[in-house]
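Chains as they are written, first to last, in this note's numbering: chain W, 1 to 146; chain B, 1001 to 1146.
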DNA sequence: AAGTCATGTAATACCTAAAGTTACACGACC
DNA sequence: GGTCGTGTAACTTTAGGTATTACATGACTT
């Protein structure tokens, strides 16, 4: 199954937006993502509605981040996408009559819930600013000395 | 996207097979799963190759479980499926040049790895016999007294 | 030996949601 | 008014699990 790449794409875009004051157009962002301007507008709509970014139309318009990077968590971004399914597996019959199937479903559901809680807890504590810090550490030596 | 239901289906089938000595045909299993005999043979192929079940052809043939339920873990079943992706999300560019994208990928990968380890650890310790036990607890009162 | 039952497997079509594409309305600036 | 950019709808593409059909192979029954 092709993975859902929207979360990582949004994080990527947000961190670039945090580096500049001039608005970025959907076209520019699409070029950065190797994607399409309409796709960019679509996946950014949630961030706009959540107040994390602002979009302006017309000449000199585009997208700007409207919060500090330590005020946005990965969970915020995930929720802006509508909290899509995290897992690729599940069960087919939500309310089976078979007792065995009920237990299997409960077992699988238990694993999924436990792992979901763990991931969302990571997302909740992970701020954009922390990823920014890691970018600094990833910088080549010649630039780290600045 | 529609979830991968093979793991839960296989667990369901294995527990039914553990309750009887007579072989179950793919057709019977398919009826149980609301599926198709060819689908059953396809998803069971890994279990057969792993020695967890045996298939016999011809009259009186079918599938039989070839181990005790406390000798099979959910992880065994998962691996028999070829260890399919657990997560529905990921990143598009595996080796990006952009430093920011590298950090985002590393962040996402970290969350996925942590959660994967947690799930696989659960799968490793979860035996079919434990699900069987839960089935007993799920039994109606009139039957639990037996 | 023939017929039936069941697995093994290939080929093909279906389903779903993200992703890509196209088109056009709306609004802002020159 | 013309251009630039967002907002959004409609449609196509894509990928993988799932469903369906078909047929070869092997085992048992008579």
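C-beta: ideal position from N, C-alpha, C; glycine also.
Coarse secondary structure for residue i, derived from DSSP in three states
{"i": "residue 1069/B", "result": "coil"}
{"i": "residue 1057/B", "result": "coil"}
{"i": "residue 1024/B", "result": "strand"}
{"i": "residue 62/W", "result": "strand"}
{"i": "residue 1144/B", "result": "With a pLDDT of only 44 at residue 1144/B, under the threshold of 50, the placement of this residue in the model should not be trusted; the figure read from the coordinates follows. Of the three classes helix, strand and coil, the one that applies to residue 1144/B here is helix, per DSSP."}
{"i": "residue 1087/B", "result": "strand"}
{"i": "residue 48/W", "result": "helix"}
{"i": "residue 2/W", "result": "coil"}
{"i": "residue 1095/B", "result": "coil"}
Residue environment, residue i, which counts as buried when at least 16 other CB atoms sit within 10 Å
{"i": "residue 201/W", "result": "Residue 201/W lies beyond the range of chain W shown here (1 to 146); nothing can be said about it."}
{"i": "residue 6/W", "result": "buried"}
{"i": "residue 1145/B", "result": "A caution first: residue 1145/B carries a pLDDT of 40, below 50, which makes its placement in the model too unreliable to give a value."}
{"i": "residue 8/W", "result": "buried"}
{"i": "residue 24/W", "result": "buried"}
{"i": "residue 103/W", "result": "buried"}
{"i": "residue 59/W", "result": "exposed"}
{"i": "residue 46/W", "result": "buried"}
{"i": "residue 1065/B", "result": "buried"}
{"i": "residue 70/W", "result": "exposed"}
{"i": "residue 1148/B", "result": "The shown model of chain B, from 1001 to 1146, leaves out residue 1148/B, and the question about it has no answer."}
{"i": "residue 1090/B", "result": "buried"}
{"i": "residue 142/W", "result": "With a pLDDT of only 47 at residue 142/W, under the threshold of 50, the placement of this residue in the model should not be trusted, and no figure is reported."}
Residues of its chain near residue i, where Cβ-Cβ distance is below 6 Å and the 5 sequence neighbours each way are ignored
{"i": "residue 1123/B", "result": "1074, 1075 and 1078"}
C-alpha distance - residue i paired with residue j, whole-angstrom precision
{"i": "residue 61/W", "j": "residue 37/W", "result": "14 Å"}
{"i": "residue 1082/B", "j": "residue 84/W", "result": "25 Å"}
{"i": "residue 107/W", "j": "residue 1086/B", "result": "15 Å"}
{"i": "residue 1206/B", "j": "residue 131/W", "result": "The question about residue 1206/B has no answer, for chain B in this structure spans 1001 to 1146."}
{"i": "residue 215/W", "j": "residue 1014/B", "result": "In this structure chain W extends from 1 to 146, so residue 215/W is not present and cannot be described."}
{"i": "residue 1138/B", "j": "residue 33/W", "result": "50 Å"}
{"i": "residue 1027/B", "j": "residue 1111/B", "result": "41 Å"}
{"i": "residue 1140/B", "j": "residue 1125/B", "result": "27 Å"}
{"i": "residue 1135/B", "j": "residue 134/W", "result": "48 Å"}
{"i": "residue 48/W", "j": "residue 1002/B", "result": "28 Å"}
{"i": "residue 1095/B", "j": "residue 1054/B", "result": "43 Å"}
{"i": "residue 121/W", "j": "residue 1088/B", "result": "18 Å"}
{"i": "residue 63/W", "j": "residue 1063/B", "result": "59 Å"}
Contacting residues, own chain, Cβ-Cβ under 8 Å from residue i (five flanking each side not counted)
{"i": "residue 1011/B", "result": "1074, 1077, 1128 and 1131"}
{"i": "residue 93/W", "result": "101 and 105"}
{"i": "residue 1052/B", "result": "1014, 1065, 1066, 1067, 1072, 1076, 1077 and 1080"}
{"i": "residue 1030/B", "result": "1036, 1037, 1039 and 1040"}
{"i": "residue 1050/B", "result": "1076, 1079 and 1080"}
Proximal residues to residue i (C-beta, below 7 Å), its chain only, five neighbours per side dropped
{"i": "residue 1022/B", "result": "none"}
Inter-stretch contact at 8 Å, needing at least 3 Cβ pairs: the region 1034-1042 of chain B / the region 1098-1118 of chain B: no
Decide yes or no for the touch test of the region 1003-1018 of chain B against the region 111-131 of chain W: beta carbon pairs closer than 8 Å, at least 3 of them. no
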